[in-house]
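Following: one structure in structure tokens, then a few remarks.
In UniProt numbering, the protein residues as written are 1 to 75.
See the structure below:
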């Protein structure tokens, strides 16, 4: 069972890192939109940053909950 928990933890960590990278990429999009006065790019960057944060937080929470639930299973 510990192998399954490690796999779930690793998958959760990978998805969390992808979400955090998405925040950085979309911050750059927002910054470019602000500097060139393009409101569409600003909106795109802000919404992308928000979605990246939701993905990062959600993946970490779901992985932690799954590992906690698996630790309760006894044979």
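Cβ atoms here follow ideal geometry from the backbone N, Cα and C, with glycine treated the same way.
No experiment lies behind these values; they were computed from the predicted model shown.
Backbone CA spacing between residue 43 and residue 35 [nearest angstrom]:
13 Å
From which residue to which residue does the alpha helix (DSSP H) around residue 43 run?
39-72
Which term fits residue 61, buried or exposed, when burial requires 16 or more other beta carbons within 10 angstroms of its beta carbon?
exposed
Residue burial classification, residue 26 (beta-carbon count within 10 angstroms, cutoff 16):
buried
Reference residue 28; option with closest CA among 49, 39, 14:
49
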